[in-house]
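Everything below concerns the one structure shown next.
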Amino acid sequence: MIVAAFRRDLARPWSMARLSRQANLSTSQLTRAFNSAYGVSPMRLLARLRVEGLAELLQTTNWTVQECAAAVGWHDADHAAKMMKHIYGITPSEFRKAARSSPW
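The letter at position 54 of the sequence shown is residue 54 when you use the working numbering, and the numbering goes up by one with no holes.
Set out below in structure tokens:
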């Protein structure tokens, strides 16, 4: 339910308080359940999904990194770049350059 909601609306300003209310669980119960099911916290999974969305937009649009980041819920392109570097090992600019030079 929560993962599907994340995927439907990455740009939404999600919070643990909102997620807990929607799931009718305390924040700690939700975090434990999520860690058990997915191996990460809800906010870490959201960050990963946002990076995946950012990567898709970088490949399929000519939008700036700032525009792509905002479309997936990050209003700070520097933060988006740090998250992409942490998860993918490269910056958004490096990712876009590699994607455009790929024959596929």
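Using N, Cα and C, we set each Cβ at its ideal position, and we do this for glycine too.
Asp-9, DSSP secondary structure in three states: Here Asp-9 sits in coil by DSSP.
Please state whether DSSP places Pro-92 in a helix, a strand or coil. Pro-92: helix per DSSP, three-state reduction.
Report the three-state DSSP secondary structure of Met-84 (helix, strand or coil). Correct three-state label for Met-84: helix.
Taking the straight line between their C-alpha atoms, what separation do you get for Lys-97 and Gly-73? So the alpha carbons of these two residues sit roughly 23 Å apart.
Closer than 6 Å by C-beta to Phe-6: which residues in its own chain qualify, once you throw out the five before and the five after it? Chain order, please. Result list for Phe-6: Leu-46, Leu-49, in chain order.
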